[in-house]
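Asks: There's a structure below that I have some questions on.
Chains as they are written, first to last, in my numbering: chain A, 1 to 113; chain B, 114 to 226.
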């Protein structure tokens with residue numbers, strides 16, 4: 001088991017462009033979470049999936065953000081029309097079930113110029 | 114809503130003990146976690162405790178929970194330079210289906226040789 005993986009690790013984009021990040025959870029973990037971490041802060045919850053179902057989205061997730069987990073395995077997070085305020089580390093975590101501990105990936109650091 | 118607070122910075126000498134403190138506001142039964150983050154990396158789970166416990170020990174790590182004061186601490190014995198990192202306290206209520214974590218802002222631990 002290689003843990004949670006995320007790609008790319010770094011992304012630099014120009015304002016207004018779309019970006020997509022991928023998260024591969026630990027095998028057989030049915031819960032997958034996305035968090036955002038800005039400089040000097042702790043991670044903040046964005047959304048989570050139970051298998052392929054997206055069960056909750058936080059107020060931080062504007063209409064420009066969309067997340068999918070089509071087959072209940074990997075997940076993608078897309079940001080459309082990026083803004084400079086989207087610059088952050090995007091972290092993915094997975095857990096085996098509702099009560100399971102969340103294990104985090106290395107994150108994708110996004111810089112919007 | 115839930116809120117988690119931590120002191121921002123702690124400096125210790127190598128070989129000393131480090132104590133990192135955290136307070137939380139959630140009044141329901143809850144799981145409390147300590148994660149470690151090294152520069153540019155994701156979050157590494159260190160340990161966790163459920164709110165019906167007072168203490169948990171795992172090798173050099175000791176977690177103490179004061180439920181009355183909603184105060185959590187992480188003690189690292191014989192602190193090493195490799196322990197230099199940011200330490201995050203996080204909590205999630207036991208009685209909801211969401212289980213998203215609420216994080217503090219992190220405590221930067223600096224270990225001086």
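Glycine included, each C-beta is placed from N, C-alpha and C at the ideal position.
The beta strand (DSSP E) spanning residue 61(A) covers which residue range?
Replies: Here residue 61(A) refers to the residue found at position 61 when the first chain is read from its first residue. Note, residue 61(A): premise wrong, no beta strand (DSSP E); not H, not E.
Asks: Quick check on residue 25(A) - is its C-beta less than 8 Å from some C-beta in chain B?
Replies: Position 25 of the first chain holds residue 25(A). Cβ-Cβ to chain B under 8 Å: no for residue 25(A).
Asks: Against chain B, with Cβ distances strictly below 8 Å, would residue 8(A) count as a contact?
Replies: Counted from its first residue, the first chain places residue 8(A) at position 8. Cβ-Cβ to chain B under 8 Å: no for residue 8(A).
Asks: So, using beta-carbon positions, are residue 89(A) and residue 105(A) closer together than 8 Å?
Replies: Looking up residue 89(A) in the first chain gives position 89. Looking up residue 105(A) in the first chain gives position 105. Between residue 89(A) and residue 105(A), the C-beta gap is not smaller than 8 Å, which leaves the two residues out of contact.
Asks: Once DSSP output is grouped into helix, strand and coil, what is the label at residue 38(A)?
Replies: Counted from its first residue, the first chain places residue 38(A) at position 38. Reduced to three states, the DSSP call for residue 38(A) is coil.
Asks: Would you call the CB atoms of residue 119(B) and residue 218(B) closer than 8 Å?
Replies: Residue 119(B) sits at position 6 when you count from the first residue of the second chain. Residue 218(B) sits at position 105 when you count from the first residue of the second chain. Yes. Within cutoff.
Asks: Apply the 10 Å Cβ neighbour rule to residue 190(B) and answer buried if 16 or more other Cβ atoms are within range, or exposed otherwise.
Replies: Stepping through the second chain from its first residue, residue 190(B) is reached at position 77. By the neighbour-count rule (16 or more Cβ atoms within 10 Å), residue 190(B) is not buried but exposed.
Asks: Residues in the same chain with beta-carbon distance under 6 Å from residue 221(B), minus the five sequence neighbours each way, listed in chain order, please.
Replies: Stepping through the second chain from its first residue, residue 221(B) is reached at position 108. Around residue 221(B): 122 and 199.
Asks: Any C-beta of chain A sitting closer than 8 Å to the C-beta of residue 137(B)?
Replies: On the second chain, residue 137(B) is found 24 positions in, with the first residue counted as 1. At a cut-off of 8 Å, the C-beta of residue 137(B) has no neighbouring C-beta in chain A.
Asks: On the DSSP bridge assignment, give the partners of residue 157(B) in chain order.
Replies: Residue mapping note: residue 157(B) aligns to position 44 of the second chain, counting from 1. 149(B).
Asks: Leaving out five residues on either side along the sequence, give the residues of the same chain with a beta carbon under 8 Å from the beta carbon of residue 56(A).
Replies: Reading the first chain from its first residue, position 56 is the one you call residue 56(A). Answer for residue 56(A): 47 and 48, listed in chain order.
Asks: Going straight from the alpha carbon of residue 103(A) to that of residue 144(B), what length do you get?
Replies: Position 103 of the first chain, counted from the start, is the residue given in the question as residue 103(A). Position 31 of the second chain, counted from the start, is the residue given in the question as residue 144(B). The straight-line gap from Cα to Cα measures roughly 15 Å.
Asks: Whose C-alpha, out of 76(A), 67(A) and 29(A), is nearest the C-alpha of residue 100(A)?
Replies: Translated into positions along the first chain, residue 100(A) becomes position 100. Residue 100(A) has its Cα closest to that of 29(A), out of 76(A), 67(A) and 29(A).
Asks: I want to see whether chain B comes within less than 8 Å of residue 115(A), judged by CB atoms only; does it?
Replies: Outside the displayed span of chain A (1 to 113) sits residue 115(A), for which this structure offers no information.
Asks: Quick check on the DSSP output: the beta strand (DSSP E) that includes residue 206(B) runs from which residue to which?
Replies: As a working mapping, residue 206(B) is identified with position 93 in the second chain. First-last of the beta strand (DSSP E) with residue 206(B): 198-206.
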